[in-house]
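For the first sequence, the residue numbers in our numbering are 2 to 277.
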Amino acid sequence: MRIATWNINGVRSRLDGALAWLKETGPDVACFQEIKCTDEAFPAEAFEGLGYNVAVHGQKGFNGVAILSKRPLDEVAVKGLPGDAADTHSRYIEAVVSRPEPGPEPRPEAHNGSRNGGVVRIANLYLPNGNPIGTDKFAYKLAWMRRLQEHVEGLLGLEEPLLIVGDFNVIPEPVDARNPQSWADDALFQPETRAAFRTLLNLGLTDAVRACHPEPGVYTFWDYQAGAWQKDHGIRIDHILMSPQAADRLKASGIDKFTRSWEKPSDHVPVWVELA
DNA sequence: ATGCCGGGCGAAGCCCGA
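Here is the structure:
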């Protein structure tokens, strides 16, 4: 079962590329961030034509997240990150997806929920950028991360296979940037930002890409500006974090870097995991 | 120090991003 996440930087202007990527890689679940449109303007029919069920939490002009799933979306549990009724940004959507029937695999079902064939809970997020530091935008980012921490603590109590995916806007470690010193004053790489991300991981989550790819040079974002792609000045800020019950089923993880050289690319590329 | 590039909005130039 393949689950992928992609900040597509505008779903309508990126529709042809999104459809080509879905056809080429065939994820069972695809999570988008920065769809930059309302629920009504989301091109659901195009994705339904490829066999996907669609759940959208959109917003006019910017932000916005969506989940596509070939399996039924059993429960679109949450739209909008809990913990602050005054936060109007559309940055979080959570759904439960039924896993494919297990087939001949003899694995017992004790650790993956109890419904038929088991389920995977998908939390799809677009974490605030937070720049510039020292402003209310950075305070909003840190507050958002605290709210995420509290929400994830609750989810982990369910003891389900859980994937927390999306654009975290966090460079976790120096190895996750080609030129870490150039991000020293950026919200994505502040000590407070990195500490909040570690606190999240320390709940017992596994960073799927890093678990499979310990080497340097693994990036998910290259700025449009200053020839960042051509010079490979990338950063790794799009992540898939797994609960223990999901990590038990990890088979592989990777980055679809090839989309960055397409015509009119997103500045982010897709990240995926393959689960048993 | 700022802009570089790019989408959205809306019809010029600003907001937002990372």
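Cβ coordinates follow ideal geometry from the N, Cα and C atoms, glycine included.
Item                                                                                                                                                                : Value
Compare the C-alpha of leucine 149 against each of Ser14, Val176, Glu49 and Ile94 and name the closest.                                                             : Ile94
Using the C-alpha atoms, what's the distance from proline 217 back to tryptophan 7?                                                                                 : 21 angstroms
Quick check on the burial criterion: 16 or more other C-beta atoms within 10 angstroms. Buried or exposed for glycine 167?                                          : buried
In chain order, what residues of the same chain lie with their CB nearer than 6 angstroms to the CB of asparagine 113, ignoring the 5 residues before and after it? : Reliability fails at asparagine 113, whose pLDDT of 45 lies under 50, so the model's placement of it is uncertain and no value is given.
Since phenylalanine 33 contacts alanine 78 with CB under 8 angstroms, what's their CB separation in whole angstroms?                                                : Rounded, the Cβ-Cβ distance is 18 angstroms, inconsistent with contact.
Is the CB-CB distance between aspartate 239 and threonine 221 below 8 angstroms?                                                                                    : yes
Using three-state DSSP, classify tryptophan 273 as helix, strand or coil.                                                                                           : strand
Roughly how many angstroms separate the alpha carbons of alanine 96 and lysine 61, rounded to a whole number?                                                       : 22 angstroms
Rounded to whole angstroms, what is the Cα-Cα separation between alanine 248 and leucine 74?                                                                        : 21 angstroms
Ignore the nearest five residues each way along the sequence and tell me which others in glutamate 160's own chain have a CB closer than 7 angstroms to its CB.     : Gln246
Pair every Cβ in the stretch 223–243 with every Cβ in the stretch 268–275, then say whether three or more of these pairs are closer than 8 angstroms.               : yes
Is glycine 131 buried or exposed, if buried means 16 or more other CB atoms sit within 10 Å of its CB?                                                              : buried
In this structure, does DSSP put alanine 111 in helix, strand or coil?                                                                                              : Interpretation of alanine 111 is limited by its pLDDT of 45, a score under 50 that renders its predicted location unreliable; no figure is taken from the coordinates.
Using the Cβ count rule (16 or more neighbours within 10 Å means buried), how would you classify lysine 24?                                                         : exposed
In terms of residues, what are the limits of the beta strand (DSSP E) holding glutamine 34?                                                                         : 30–34
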